[in-house]
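Trainee: Chains as they are written, first to last, in the working numbering: chain A, 23 to 378; chain B, 112 to 479; chain C, 11 to 295.
1. Just the C-alpha distance for residue 464 of chain B and residue 167 of chain B, rounded to the nearest angstrom, thanks.
2. Decide yes or no for the touch test of the stretch 292-308 of chain A against the stretch 86-96 of chain A: beta carbon pairs closer than 8 Å, at least 3 of them.
3. Looking at chain A, is there any beta carbon in it that lies within less than 8 Å of the beta carbon of residue 142 of chain C?
4. Please list the partners that residue 112 of chain A has in chain C, where partner means a Cβ-to-Cβ separation under 9 Å.
5. Just tell me which of C:177, C:17, C:238 has its CA closest to the CA of residue 126 of chain C.
6. Sort out for me which residues DSSP pairs residue 147 of chain B with in a bridge.
7. Using Cβ-Cβ distances below 8 Å, what residues of the stretch 74-99 of chain A are close to chain C?
8. Rounded to whole angstroms, what's the CA-CA distance from residue 223 of chain A to residue 242 of chain C? Just pull it up for me.
9. Just to confirm, are residue 349 of chain A and residue 333 of chain A a CB contact at a threshold of 8 Å?
10. Which residue spans inside the stretch 363-415 of chain B form an unbroken beta strand (DSSP E) run of at least 3?
11. Using only the alpha-carbon positions, how far apart do residue 124 of chain B and residue 254 of chain B sit?
12. Considering just the uninterrupted stretch of the beta strand (DSSP E) at residue 303 of chain A, what are its terminal residues?
13. Please report whether the beta-carbon of residue 42 of chain C lies at a distance below 8 Å from any beta-carbon of chain F.
14. Can you list, in chain order, the residues of its chain whose CB lies under 6 Å from that of residue 16 of chain A, leaving out five sequence neighbours each side?
15. Give me, in chain order, the residues of the same chain whose beta-carbon lies closer than 6 Å to that of residue 220 of chain A; leave out the 5 immediate sequence neighbours on both sides.
16. Just how far apart, CA to CA, sit residue 387 of chain B and residue 413 of chain B?
17. Report the residue from B:266, B:422, B:213, B:151 whose alpha carbon sits nearest the alpha carbon of residue 305 of chain B.
18. Compile a chain-ordered list of the residues in the stretch 190-202 of chain C whose CB is closer than 7 Å to at least one CB of chain B.
19. In chain order, what are the residue ranges of uninterrupted alpha helix (DSSP H) at least 4 long that sit wholly in the stretch 200-235 of chain C?
20. Identify the continuous alpha helix (DSSP H) that holds residue 331 of chain B and give its terminal residues.
21. Using a beta-carbon distance cut-off of less than 7 Å, what residues from the stretch 202-224 of chain B approach chain C?
22. Three or more C-beta pairs closer than 8 Å, one from the stretch 189-207 of chain B and one from the stretch 175-193 of chain C: is that the case here?
23. Is the stretch 177-197 of chain A touching the stretch 239-256 of chain A, taking contact as three or more C-beta pairs under 8 Å?
24. Thinking just about the alpha-carbon of each residue, which of A:276, A:65, A:326 is nearest to the one in residue 341 of chain A?
25. What three-state label does DSSP hand residue 234 of chain B in the structure shown?
26. What are the start and end residues of the beta strand (DSSP E) that includes residue 463 of chain B?
27. Pairing CB atoms from the stretch 218-236 of chain C with CB atoms from the stretch 143-159 of chain C, are three or more of them under 8 Å?
28. With distances taken Cα to Cα, identify the nearest neighbour of residue 379 of chain B among B:178, B:473, B:351.
29. Can you tell which of B:302, B:208, B:281 has the C-alpha that lies nearest to the C-alpha of residue 267 of chain B?
30. Give the residues of chain C in contact with residue 268 of chain A, contact being defined as C-beta atoms less than 8 Å apart.
31. What residue range does the alpha helix (DSSP H) around residue 93 of chain C cover?
32. Which residues of chain B have a Cβ atom closer than 7 Å to the Cβ of residue 372 of chain C, listed in chain order?
33. Output the boundary residues of the alpha helix (DSSP H) element that contains residue 172 of chain C.
34. If distances are taken between C-alpha atoms only, which option among C:210, C:217, C:225, C:50 comes closest to residue 167 of chain C?
35. Could you please give the first and the last residue of the uninterrupted alpha helix (DSSP H) stretch that includes residue 236 of chain A?
36. For residue 295 of chain A, return the contacting residues in chain C, with the cut-off set at a CB-CB distance below 9 Å.
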């Protein structure tokens, strides 16, 4: 009898200890891009902190649409690009400010951290910190389409019918720069911006006969380029590097008018629950050796200070081949998109798609 | 002799190993009502479908008005068919149903309308042309189905058990009506049925069919009174039957049969030449058996028995009694006379009964 | 007793009513309210018909809807023309095992998801795909042929996806047609064509109508097949709705488009029923 009571007490206290041990263990619902939360990193994080991670893969537009539909509920951490934070926050209020005291700023490349903080500030509150950055430009089969050096070269006669690009806003922006215009400077002036978009629209309609199809997913683009059905495309740098591993003729080319630079961030959805786990995750993945693991998985470099040393040599070589130092300086970083411009761009893109 | 409207010559149809129709030959003279009577599965429907053209015969020939129609597609044959469930077109009104065949012939609209009205008058349903099929009663549908065929003036009209779906009262009525329609249209009817009363009432000629063959062709009277095979004797009308060995046989056709139970029955083989020792069956119709309360009234019959009334089947003019023979316990069905003499008969009464040997038809038992 | 029966009926219908109410009616009311909002500034809205006016004043949207509707009607017609003989064969000619295995064959494509089916077509039709290689191997063409990314490929995909939904109602109605009715047609002198026109088609009309409605609505509402197979010229109305909601964050216009799709497609179906003399009740039984 006594023995049994004793055992019960022991079991109960063990159980309560167990509960205490995991009291601050939470479930982190992460809304992110493919490759940003590789399995080995998630495993290490869960072992170290006791939190569990649920990953949902998405893209910029869907992230915002999801959070808007739920009023910022359902996820604890999201990773939209830094230009897509201020606008949607003003419009829909789907994020909450970041408590910078809970973030280890020393792990970040400070220039990138400062730039992101500036771009994601609304009413004096900071809403985003940088994570992964990269560029979009041209992915070209150099043996077939050596002439393609800039976006507008995609409309050249020598690559007719062998071109593919997305019908999304980076295409509008890229073409605008290649046509000698500066859309970012016109962000604040809707009329000027519309004039630029109108010119680009005319160019894209004219260029339409050159296009085989407008790609919409990464796999589709890979298939098109790998099979040789298309020889030049607008795409992300990582896509080009991935293809380069299979076929050395295909690679990422930084366009003459400048590659478009983006930074994907960490933001807290307005109604997030596991805030502690979210900060833990940010500080965890920004450690140089962890950040390098993510770079290996996603192909893109991070804002983590000193992570480059841990990245594989092959990736570094491809990066250096695509980006001579002058081209790095030429990268056009996306400023925050003022609310309302997307509707303007959308109508133009719809008209391009409908044109014959 | 005029050529027959329909003539089948050694017609056969085999489905794999199964022979549905076996070397059947018959001819239907112009203007007659010809029935094929047989149990289900005997092959009668197969014959009809071959005549209509929906099946090709395995061998033999089908001639209509003396010309072979084997190479003629069903939609070109000068025969029309009234289907078992009538097969009226539910998507058309009555006038369009009747006019369907005429439209196929490419007649002018006014001509079609005239003929349809005429046909509706003929079947006694004037002015129903605009109605829908489902608004008609069973008997009306029946008549429309016949009119739909008759407007095409076919050489032969085939009817595939068209009364099967009707209730009893209507069926009795339609038997008479069909016969008079046939007379009115003056067309050759070939009628298929498993119901002997339909065949007997309406037909000029009946073919009794069994297992793919015709057993006997003749008038209803022939089949009833002079059956040529045991099957016909058993299938047409009702009979008491005994089975046994022939124990005596006269040159005149009279013979004696002894059943296994030892009962001796006298009968006639009507020229079928049954020898002593042969297995035979004897059929006696209930109305051929005379009953009496006194034994001496039946003295002139070769077959005499005594029995008790087991049950009384009252059915007006066709009332019957079932008697149990004292000798061996057989149940025998007899028709009660109309005279009222036995109106007071009750169960358990003792009766004498007997019949003449000529009324008892004997057939050899065929090896199965 | 009567009150008890009434309560029982209400309880019995409750799941259906809840389902209808919560999953169909309430979201539609919400959608409608969104569709009559107009954005007048950052986070500020007012009630106005502006979104509906946009649909009618911007020719692109109306043209895209017309194109989608016409292509869907064409798809429906092609599906019917292919599906009718197939259904007739299954219902009236094939017997026993053949009948059930043919029916199963129509079902097989639906064991994989629409995405996989569409990918299958992409593998077949693309420039480096199976058909193109086969034609080159036969020597019929000199170089690779691109069969993907055009309206024909898109309609092929839509017809393939819709086939079952046409064949099933057609088989069901045609099975109810008594064989002897067809035989009676032949017996009375009808040719194949006249029997088809005057007997089989009129009988199958409810099946034709319900199959066509389903195929039309499915094609109109399809998103994957047109975007994946259609390529650069294949603007489909659902794609417009998707991009308004997801890409442009313009829920107001997207909701208005959704309502216009609902209204206009209902009008088209109603008109088709009127033209063929069918009623919805007849079609659904």
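Idealized CB from N, CA, C, for every residue including glycine.
Mentor: On the basis of the supplied data:
1. Numbered from its first residue, the second chain carries residue 464 of chain B at position 353. Numbered from its first residue, the second chain carries residue 167 of chain B at position 56. Taken atom to atom, the span from the alpha-carbon of residue 464 of chain B to that of residue 167 of chain B is near 54 Å.
2. Inter-segment contact for the stretch 292-308 of chain A and the stretch 86-96 of chain A is present: three or more beta-carbon pairs are separated by less than 8 Å.
3. Start at 1 with the first residue of the third chain, and residue 142 of chain C comes out as number 132. False, the Cβ-Cβ gap to chain A never drops below 8 Å.
4. Taking the first residue of the first chain as 1, we reach residue 112 of chain A at position 90. Using a Cβ-Cβ cut-off of 9 Å, residue 112 of chain A is close to 52, 53 of chain C, given in chain order.
5. Numbered from 1 along the third chain, position 116 holds the residue referred to as residue 126 of chain C. Residue C:238 is the option with its Cα nearest to residue 126 of chain C.
6. In the second chain, counting from the first residue as 1, residue 147 of chain B sits at position 36. DSSP lists B:303, B:318 as partners of residue 147 of chain B.
7. Residues of the stretch 74-99 of chain A that bring their beta carbon within less than 8 Å of a beta carbon in chain C comprise 83, 84, 86, 87, 90, in sequence order.
8. Counted from its first residue, the first chain places residue 223 of chain A at position 201. Counted from its first residue, the third chain places residue 242 of chain C at position 232. C-alpha separation (whole angstroms): 15 Å.
9. To locate residue 349 of chain A, count along the first chain from 1; it is residue 327. To locate residue 333 of chain A, count along the first chain from 1; it is residue 311. It is not a contact, given that the beta carbons lie outside the stated cut-off.
10. Runs of the beta strand (DSSP E) inside the stretch 363-415 of chain B: 365-370, 375-379, 390-395, 401-403.
11. Position 13 of the second chain holds residue 124 of chain B. Position 143 of the second chain holds residue 254 of chain B. If I take the Cα positions, the gap works out to 32 Å.
12. Looking up residue 303 of chain A in the first chain gives position 281. Here residue 303 of chain A belongs to no beta strand (DSSP E); instead the alpha helix (DSSP H) covers 297-307.
13. The chain labelled as chain F is not found among the protein chains of the depicted structure, namely A, B and C.
14. For residue 16 of chain A there is no data in the structure shown, the boundaries of chain A being 23 and 378.
15. Within the first chain, residue 220 of chain A is the residue found at index 198, counting from 1. Hits under 6 Å: none found.
16. As a working note, residue 387 of chain B is residue 276 in the second chain. As a working note, residue 413 of chain B is residue 302 in the second chain. CA-to-CA, the gap between residue 387 of chain B and residue 413 of chain B works out to about 19 Å.
17. Indexing the second chain from 1 puts residue 305 of chain B at position 194. The residue among B:266, B:422, B:213, B:151 with its C-alpha nearest the C-alpha of residue 305 of chain B is B:151.
18. Legend: CB atoms of the stretch 190-202 of chain C lying less than 7 Å from CB atoms of chain B belong to residues 190, 191, 193, 194, 196, 197, 198, 199, 200, 201.
19. DSSP runs (the alpha helix (DSSP H)) wholly in the stretch 200-235 of chain C: 202-205, 211-231.
20. On the second chain, residue 331 of chain B is found 220 positions in, with the first residue counted as 1. Per DSSP, residue 331 of chain B is one residue of the alpha helix (DSSP H) stretching across 331-336.
21. Taken in chain order, the members of the stretch 202-224 of chain B whose beta-carbon sits within less than 7 Å of a beta-carbon on chain C are 202, 211, 212, 215, 216.
22. Counting C-beta pairs closer than 8 Å gives three or more between the stretch 189-207 of chain B and the stretch 175-193 of chain C, which meets the contact rule.
23. In this structure the stretch 177-197 of chain A lies against the stretch 239-256 of chain A, because at least three pairs of beta carbons, one per stretch, are closer than 8 Å.
24. The residue labelled residue 341 of chain A in the question sits at position 319 within the first chain. Relative to the Cα of residue 341 of chain A, the nearest Cα in the group A:276, A:65, A:326 belongs to A:276.
25. Stepping through the second chain from its first residue, residue 234 of chain B is reached at position 123. The DSSP-derived three-state label of residue 234 of chain B is coil.
26. Reading the second chain from its first residue, position 352 is the one you call residue 463 of chain B. 461-466 is the extent of the beta strand (DSSP E) around residue 463 of chain B.
27. Three or more Cβ pairs closer than 8 Å define a contact, and the stretch 218-236 of chain C falls short of that threshold against the stretch 143-159 of chain C.
28. Stepping through the second chain from its first residue, residue 379 of chain B is reached at position 268. The residue with the shortest Cα to Cα distance from residue 379 of chain B is B:473.
29. The sequence position of residue 267 of chain B within the second chain is 156, counting from 1. Among B:302, B:208, B:281, the Cα nearest to that of residue 267 of chain B is on B:302.
30. Residue 268 of chain A sits at position 246 when you count from the first residue of the first chain. Those within 8 Å of residue 268 of chain A in chain C number zero; the least Cβ separation is about 15 Å.
31. Sequence index remark: in the third chain, residue 93 of chain C carries index 83 (1-based). Where residue 93 of chain C is concerned, the enclosing alpha helix (DSSP H) stretches over 69-98.
32. Residue 372 of chain C is absent from the structure shown; chain C starts at 11 and stops at 295.
33. Within the third chain, numbered from 1, the residue matching residue 172 of chain C stands at position 162. In the DSSP assignment, residue 172 of chain C falls within the alpha helix (DSSP H) that extends over 161-185.
34. As a working mapping, residue 167 of chain C is identified with position 157 in the third chain. Relative to the Cα of residue 167 of chain C, the nearest Cα in the group C:210, C:217, C:225, C:50 belongs to C:225.
35. Translated into the one-based positions of the first chain, residue 236 of chain A becomes position 214. No alpha helix (DSSP H) holds residue 236 of chain A; the beta strand (DSSP E) holding it covers 233-236.
36. Indexing the first chain from 1 puts residue 295 of chain A at position 273. Per Cβ cutoff of 9 Å: no residues; residue 295 of chain A is ~25 Å from chain C at best.
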